[in-house]
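**Q** Sharing a structure here in structure tokens format.
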Amino acid sequence: MAGIATTYWEIDPASGNALNGGGYDSAAGTTDYSQTSGGILSLSDLANSGAGVADVSSTMGGFTAAMVGNYLQIASGVNDDPGFYRITAVADTNNATLDRAPDTGAGAMTSAVCIVGGPFALLTDAFLEDTDAFIPGNTIWLKSSGTHSMASVGTARDGLTDGALTIAGYNATRGDTPTGDDRPLIALGSSSWITDNRWHYHNLRFTMTSSTGIAADNYTVFSNCKVENTSGTSNRDALKSNSGFIKSCEAVSTNGAALACTTGSLIESCYFHDSLTGVEIQGGSDYIAVVGCIFDTISGIGVSAAATSMLSHRVSQSTFYACGTAVKSTSAQSGWAITNCIMSGTAGVDIPTSSQSYLDHNCYNNSGTDVSGVNKGPNAVDSDPLMADPANGDFTISAASPCYNVGLGIGAAGSVGTYKKNIGADQTTYGGASAHQTRLETIC
Amino acid sequence: MARIEKYSAIDCTGLTLLGIDPAELSGGEIVGSCFAQEAPYKADASHARSTGHASPLVKVFPDGMHDVTFINCNLDNCIIEGVNVVVGERSNNRKIRVMNDGDDWILDDVTNAPKESMLEKWYGRQGESVDPADIPARKRKGETRFSRSRRKARATR
């Protein structure tokens with residue numbers, strides 16, 4: 001197998017080429033040429049001495065010790081097995097060793113055309129499915145140098161518990177964690193992006209109009225991603241996640257759910273807006289946690305649970321603004337804990353009495369019906385939360401807000417200091433708070 | 445052939461360029477852009493046994509555009525006329541429509557009848573039918589087929 005878990009792959013629409021080597025073993029301790037435009041070495045006479053031999057030679061030459069750990073891609077030749085090969089040793093300028101023999105087994109490979117290093121231009125299904133190259137633990141780096149125009153991605157490959165399949169965007173330098181439009185854009189058009197278990201997506205933007213924008217199976221992580229489904233057709237969702245962890249993401253679905261999720265999904269510090277539904281808990285799902293999120297201009301329901309949804313959903317530390325209803329469920333089975341939420345310019349919570357839910361420390365302001373089927377709790381706040389400028393996207397509160405420091409906090413037993421939380425997504429301390437408070441307020 | 449930078453590597457999903465001077469779009473390569481048009485829904489022709497399937501293609505590019513090579517572009521539901529070509533392993537120029545199951549289907553180029561679900565890989569894994577003959581005669585309401593298959597998958601894990 002060519003692949004090694006510590007491999008980075010590079011995709012750069014501006015300077016990449018489908019024939020480049022594209023990868024580098026980040027643990028090799030040599031020089032990473034995967035970002036070198038055009039690659040570092042092109043050969044047309046790569047050969048080995050016989051079937052099954054991993055040592056290769058080239059009269060053209062140009063191998064250096066610094067290339068160890070880099071991948072070369074063999075595109076064509078005689079008796080060659082096209083694909084990606086990692087350089088494991090370099091003897092001299094004309095001789096190197098690959099991670100495995102590059103021939104078909106029919107005889108010595110000759111006249112093989114290959115490139116060492118250099119980024120790819122495109123993210124392709126074929127590469128995502130290439131189990132010799134892209135393996136669990138690998139990261140594909142996408143540079144924000146142009147739109148990645150995609151037409152349907154569908155792969156049944158899984159990551160591993162100790163090694164996800166990762167796609168991470170960057171702007172100028174790997175790991176620079178771009179925001180806004182500096183994140184690479186993957187334009188799906190009317191297509192969908194479907195992957196199986198344990199994929200991680202970081203720092204990406206996706207646009208689409210398809211019935212299901214992104215469908216991610218178990219234990220998938222999305223962080224700092226924006227997913228936008230602008231379809232004019234009803235019931236279209238931007239992101240579907242099964243037991244996933246969605247953090248610090250932005251999602252929009254004009255005529256559907258920004259996020260549809262199933263059992264065990266954790267949704268933290270996300271921004272859902274301009275959608276029919278913010279988070280849709282699908283039928284049969286247990287244990288959904290929505291923490292520290294903002295729901296802004298959701299024409300239907302902020303957090304919606306299907307009639308057949310199951311037990312134990314949690315919504316906390318979130319802000320609902322200009323929604324139809326903040327939280328609504330028609331399932332008598334779904335027990336809820338809803339705490340520390342601001343509901344402003346929206347109807348509040350509508351869940352069946354039989355759901356045995358717990359609500360308290362929430363703020364209700366100009367909300368139509370505050371609660372239906374449940375009680376507010378003794379510590380509800382019924383006044384304007386004094387958010388800075390919610391109509392223009394500023395949902396912060398000041399120390400003068402009635403939501404400041406009155407959220408459900410940590411019990412006093414065994415602790416030293418003051419442990420309180422604000423109501424709403426904003427947990428700014430506005431000075432005077434202890435270090436303990438600042439730290440603990442981030443733990444929900 | 446020169447690359448037409450202005451229209452390369454951009455996201456024009458759902459937009460048309462009919463008002464653009466065709467000279468701007470002619471005689472070059474457009475690389476890596478998405479011009480896909482949203483799959484439409486038409487209630488009277490949205491299951492496999494419908495007759496008279498309509499084409500979902502939309503005119504996106506202006507009359508007079510010529511000698512353009514689209515490389516690795518998403519041109520789903522776009523009309524590509526005249527002496528313009530589409531190349532590259534990442535290029536697509538399919539016909540796609542929303543059918544009564546609420547999903548997007550790739551249509552037969554000639555008859556415009558549904559032939560392949562856009563979610564075929566997903567449904568295939570879940571053991572759900574991807575046979576266009578199983579598209580319901582009436583539009584599905586409420587939960588999508590996708591969410592039902594999710595529930596089924598969860599129950600069997």
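These protein sequences, in sequence, are chains Z and U. Just so you know, the first sequence maps onto residues 1 to 444 in my numbering. Just so you know, the second sequence maps onto residues 445 to 601 in my numbering. C-beta: ideal position from N, C-alpha, C; glycine also. Being a predicted model, the structure only gives us computed values, none of them experimental.
Given this structure, state the Cα-to-Cα distance separating Pro-402 of chain Z from Gly-411 of chain Z, to the nearest angstrom.
**A** Cα to Cα, the separation comes out at about 21 Å.
**Q** For Pro-13 of chain Z, return the contacting residues in chain U, with the cut-off set at a CB-CB distance below 7 Å.
**A** Near Pro-13 of chain Z (Cβ distances below 7 Å), the residues of chain U are Ala-453 and Gly-476.
**Q** Identify which residue in Z:Ala-172, Z:Gln-282 and Z:Asn-138 has its Cα closest to the Cα of Asn-165 of chain Z.
**A** Reading off the sequence, residue 165 of chain Z comes out as Leu, not Asn. For Leu-165 of chain Z, the nearest C-alpha among the options comes from Z:Asn-138.
**Q** Take the Cβ of Pro-378 of chain Z as the centre, count every other Cβ of all protein chains shown within 10 Å, and call the residue buried at 16 or more, exposed below.
**A** The residue in question, Pro-378 of chain Z, is exposed, as its Cβ has fewer than 16 Cβ neighbours within 10 Å.
**Q** Tell me, to the nearest whole angstrom, how far the beta carbon of Asp-286 of chain Z is from that of Thr-308 of chain Z; I am working on the premise that it is less than 8 Å.
**A** Not really, about 11 Å apart at Cβ, beyond 8 Å.
**Q** For Ala-14 of chain Z, which residues in the same chain have their Cβ closer than 6 Å to its Cβ, ignoring the five residues on either side in sequence?
**A** Cβ neighbours of Ala-14 of chain Z beyond the five flanking positions: Ser-145 and Gly-146.
**Q** Our contact map puts Val-56 of chain Z next to Ala-96 of chain Z with C-beta atoms below 8 Å; I'd like the distance itself, whole angstroms only.
**A** The Cβ separation is near 6 Å, so the contact holds.
**Q** For Leu-41 of chain Z, name the three-state secondary structure that DSSP assigns.
**A** DSSP places Leu-41 of chain Z in strand when its eight states are reduced to three.
**Q** Would the stretch 451-469 of chain U count as touching the stretch 389-396 of chain Z if we require 3 or more Cβ pairs under 8 Å?
**A** Touching, no, given that fewer than three Cβ pairs across the two stretches are closer than 8 Å.
**Q** Taking only three categories from DSSP, how would you classify Thr-195 of chain Z?
**A** Strand at Thr-195 of chain Z.
**Q** In whole angstroms, what is the alpha-carbon distance linking Ser-42 of chain Z and Asp-92 of chain Z?
**A** Rounded to the nearest angstrom, the two C-alpha atoms are 16 Å apart.
**Q** Consider the Cβ of Thr-457 of chain U: report whether some Cβ of chain Z lies at a distance smaller than 8 Å.
**A** Chain Z, which has a Cβ nearer than 8 Å to the Cβ of Thr-457 of chain U, makes this yes.
**Q** If you draw a straight line from the C-alpha of Leu-461 of chain U to the C-alpha of Val-504 of chain U, how long is it?
**A** One C-alpha to the other measures close to 6 Å.
**Q** Please confirm if the stretch 506-517 of chain U is in contact with the stretch 180-197 of chain Z, defined as three or more CB-CB distances below 8 Å between the two stretches.
**A** Segments in contact, no.
**Q** Distance, Cα to Cα, Gly-546 of chain U vs Asn-235 of chain Z?
**A** Whole-angstrom Cα-Cα distance: 8 Å.
**Q** Residue range of the beta strand (DSSP E) that Phe-245 of chain Z falls in?
**A** Looking at the DSSP string, the run of the beta strand (DSSP E) that includes Phe-245 of chain Z is 245-247.
**Q** Mind checking if Thr-505 of chain Z is an interface residue toward chain U, Cβ cutoff 8 Å exclusive?
**A** Residue 505 of chain Z lies beyond the residue range present for chain Z, which begins at 1 and ends at 444; the question has no answer from this structure.
**Q** Under 7 Å between beta-carbons, which chain Z residues line up against Leu-462 of chain U? List them in chain order, please.
**A** Within 7 Å Cβ-Cβ: nothing; Leu-462 of chain U doesn't reach chain Z, min ~18 Å.
**Q** If I follow the unbroken beta strand (DSSP E) through Asp-125 of chain Z, where does it start and stop?
**A** Asp-125 of chain Z -> not in any beta strand (DSSP E); alpha helix (DSSP H) instead, spanning 125-128.
**Q** Who are the near neighbours of Thr-212 of chain Z in its chain, counting only those whose CB is closer than 7 Å to its CB and skipping five residues on each side?
**A** Contacts found: Ser-192, Asp-237 and Lys-240.
**Q** Look at the alpha carbon of Met-150 of chain Z and the alpha carbon of Val-349 of chain Z, and state the distance between them as a whole number of angstroms.
**A** Going from the Cα of Met-150 of chain Z to the Cα of Val-349 of chain Z covers about 40 Å.
**Q** From Gly-368 of chain Z to Asn-229 of chain Z, what does the alpha carbon distance come to, in whole angstroms?
**A** Each residue's alpha carbon lies about 29 Å from the other.
**Q** Hey, Cys-363 of chain Z and Gly-424 of chain Z: beta-carbon distance below 8 Å or not?
**A** Yes, the Cβ-Cβ distance between Cys-363 of chain Z and Gly-424 of chain Z is below 8 Å.
**Q** Of all the residues that make up the stretch 19-32 of chain Z, which are near chain U by a beta-carbon distance shorter than 8 Å?
**A** From the stretch 19-32 of chain Z, no residue has a Cβ closer than 8 Å to chain U.
**Q** Can you say whether Glu-10 of chain Z is buried or exposed, counting buried as having 16 or more other CB atoms within 10 angstroms of its CB?
**A** Classification for Glu-10 of chain Z: buried.
**Q** So for Met-67 of chain Z, helix, strand or coil by DSSP?
**A** Residue state, collapsed to three classes: helix.
**Q** Quick check on the DSSP output: what are the complete beta strand (DSSP E) runs of length 3 or more inside the stretch 244-324 of chain Z, in order along the chain?
**A** For the stretch 244-324 of chain Z, whole beta strand (DSSP E) runs of length 3 or above, ordered along the chain, are 245-247, 250-253, 257-262, 266-268, 271-281, 288-291, 294-305, 313-316 and 319-321.
**Q** Is the stretch 193-211 of chain Z touching the stretch 26-41 of chain Z in the sense that three or more CB pairs, one from each, lie closer than 8 Å?
**A** No, the stretch 26-41 of chain Z is not in contact with the stretch 193-211 of chain Z.
**Q** Taking C-beta pairs closer than 7 Å, name the residues in chain B that Ser-149 of chain Z reaches, listed in chain order.
**A** Chain labels in this structure do not include chain B; the protein chains are Z and U.
**Q** Give every residue of the same chain whose Cβ lies closer than 8 Å to the Cβ of Ser-535 of chain U, excluding the five residues on either side of it in the sequence, and list them in chain order.
**A** Once the five neighbours on either side are set aside, the close Cβ partners of Ser-535 of chain U are Phe-514, Ile-515, Asn-516, Cys-517, Asn-518 and Leu-519.
**Q** Who are the neighbours of Thr-131 of chain Z on chain U, taking C-beta pairs under 8 Å?
**A** Within chain U, no residue comes near Thr-131 of chain Z; the closest Cβ sits about 16 Å away, beyond 8 Å.
**Q** Compare the C-beta of Glu-482 of chain U against all C-beta atoms of chain Z and say whether one is closer than 8 Å.
**A** By this cut-off, Glu-482 of chain U is an interface position.
**Q** Per DSSP, what are the beta-bridge partners of Ala-240 of chain Z in this structure?
**A** Note on residue identity: the sequence assigns Lys, not Ala, to residue 240 of chain Z. Answer is Z:Ala-215 and Z:Ala-260, bridged to Lys-240 of chain Z.
**Q** Would you tell me roughly how many angstroms separate the C-alpha atoms of Arg-595 of chain U and Ser-210 of chain Z, rounded to the nearest one?
**A** For Arg-595 of chain U, the predicted model reports a pLDDT of 42, less than 50, meaning its position is unreliable; a value from the coordinates is still stated below. Computed Cα separation, rounded: 21 Å.
**Q** Since Val-502 of chain U and Cys-522 of chain U are thought to touch, with beta carbons under 8 Å apart, how far apart are those beta carbons, to the nearest angstrom?
**A** So it is a contact: roughly 6 Å between Cβ atoms.
**Q** Pull up the distance between the alpha-carbon of Ile-524 of chain U and that of Val-530 of chain U, whole angstroms please.
**A** The straight-line gap from Cα to Cα measures roughly 9 Å.
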